[in-house]
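Here the structure comes first, spelled out in structure tokens, and everything after it is commentary.
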Ligand code: SF4
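Numbering (full-length UniProt numbering), first residue to last: 1 to 324.
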């Protein structure tokens, strides 16, 4: 992404490993380098278990990287503890996939959206109703919903409450973890439109975790495609359709039915199973599912290589000296 945008978060060589039974190690994230920019959306896509949620949990300081660091406005946040960590949490908030699970069903909407403001003493109890109405109106809900309970609302309305709560502390970054996956397509569209409007008005950076590459394509300024804990391609969302290079990204795209598809070309798809992250193959992590696998792919892990401005790919097909 162009340096014209203000960089607010940077992950540098972030690796996350977990100990597994039998003295083995599960590598959930391997040497991740990514940046987030003010007012821009970073989409992270990949099949379930690819490590996208683990990465965002580290961005949210819910987990610590095993190696590497995450910088927020140039400051390393990976080792923050106690009150410093609590204060930092105001900068990065989250919208969950299923807000009904995230909310206490016994709390009124007013209490749900104002809880962060009261926790950080941004408002007094007497200012709660006014603050709740303001936040609800920001997400296009009537102010009177402040007196409702979560079970008196639809899924889309609850997700708007989740967004209002995330906005309460005016964070610079909001992580949306499959934030629209549980909603009907028509409701999903209105929530996306709301997120886009709020981003334009408030210059928020979104980290959008999603398994739906078509959705990310339309929303994200920058997309990181993850496979088995590795980033295999980074490119602008608008270029995924025609400009992606990695066989895995192209396979994900091939699974999408598009009216503008060129039906004279064979549809690419992905066969086979993702190997266990406990049994990472030597060389390219995608080798057992890749139709273009070469000898070198079984020996050497391809590194992310810049192929053009805003576009990096990790594949030996595009290694040094090869034609792109
Ligand atoms: Fe396929 Fe080789 Fe590229 Fe991996 S490095 S995606 S196996 S061609």
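Where is the CB? At the ideal position from N, CA and C, for every residue including glycine.
- request: Could you give the DSSP three-state label for residue 186: helix, strand or coil?
  value: Within the chain shown, residue 186 is the residue found at index 186, counting from 1. The answer is helix: DSSP assigns residue 186 an H, G or I state.
- request: Would you please state the rounded distance, in angstroms, between the beta carbons of residue 14 and residue 65? I believe it to be under 8 angstroms.
  value: Mapped onto the chain shown, residue 14 falls at position 14. Mapped onto the chain shown, residue 65 falls at position 65. Contact holds; Cβ gap of about 5 angstroms.
- prompt: Which of helix, strand or coil does DSSP assign to residue 265?
  reply: Taking the first residue of the chain shown as 1, we reach residue 265 at position 265. Since pLDDT at residue 265 reaches only 47, below the 50 mark, its modelled position is unreliable, and no value is offered.
- request: Ignore the nearest five residues each way along the sequence and tell me which others in residue 26's own chain have a CB closer than 6 angstroms to its CB.
  value: In the chain shown, residue 26 corresponds to position 26, counting from 1. Excluding residues within five positions, the ones whose Cβ falls inside 6 angstroms are 18, 20, 277 and 278.
message: Quick check on DSSP: helix, strand or coil for residue 316?
response: What you label residue 316 is simply residue 316 of the chain shown in a count that begins at 1. Correct three-state label for residue 316: helix.
- prompt: Going straight from the alpha carbon of residue 70 to that of residue 128, what length do you get?
  reply: Locating residue 70 in the chain shown gives position 70, where the first residue counts as 1. Locating residue 128 in the chain shown gives position 128, where the first residue counts as 1. So the two alpha carbons sit approximately 34 angstroms from each other.
task: Check each candidate in 61, 83 and 90 and name the one with the smallest Cα separation from residue 76.
output: Along the chain shown, one-based indexing puts residue 76 at 76. Closest by alpha carbon: 61.
- prompt: Taking the C-alpha atoms as reference points, what is the distance between residue 53 and residue 296?
  reply: Translated into positions along the chain shown, residue 53 becomes position 53. Translated into positions along the chain shown, residue 296 becomes position 296. Their Cα atoms are separated by approximately 30 angstroms.
- prompt: Closest Cβ-Cβ distance between residue 236 and chain C: below 8 angstroms?
  reply: Absent from the structure is chain C; it holds one protein chain and no more.
query: Listed in chain order, which residues are found with a beta carbon closer than 5 angstroms to a heavy atom of the ligand SF4?
result: 247, 284, 286, 287, 290, 292, 293, 297, 302, 315, 316 and 317
task: Would you grab the beta carbon distance between residue 12 and residue 33 for me? Rounded to a whole angstrom, and I think it's under 8 angstroms.
output: Stepping through the chain shown from its first residue, residue 12 is reached at position 12. Stepping through the chain shown from its first residue, residue 33 is reached at position 33. Contact holds; Cβ gap of about 6 angstroms.
field: Selected residue, minimal CA-CA separation from residue 293, among 303, 247, 305 and 275
entry: For the purposes of this step, residue 293 is taken as residue 293 along the chain shown, with counting starting at 1. Comparing Cα positions, the closest option is 247.
query: Do residue 141 and residue 350 come within 8 angstroms of each other at the CB atom, strictly closer than that value?
result: The structure shown does not extend to residue 350, since the chain is modelled only from 1 through 324, so no value can be given for it.
message: Whether or not the stretch 207-215 and the stretch 37-54 are in contact is what I'm after, with contact meaning three or more pairs of Cβ atoms, one per stretch, closer than 8 angstroms; do they touch?
response: yes
- prompt: Do residue 330 and residue 205 have their C-beta atoms within less than 8 angstroms of each other?
  reply: Nothing can be reported for residue 330: it is not among the residues displayed for the chain, which extend from 1 to 324.
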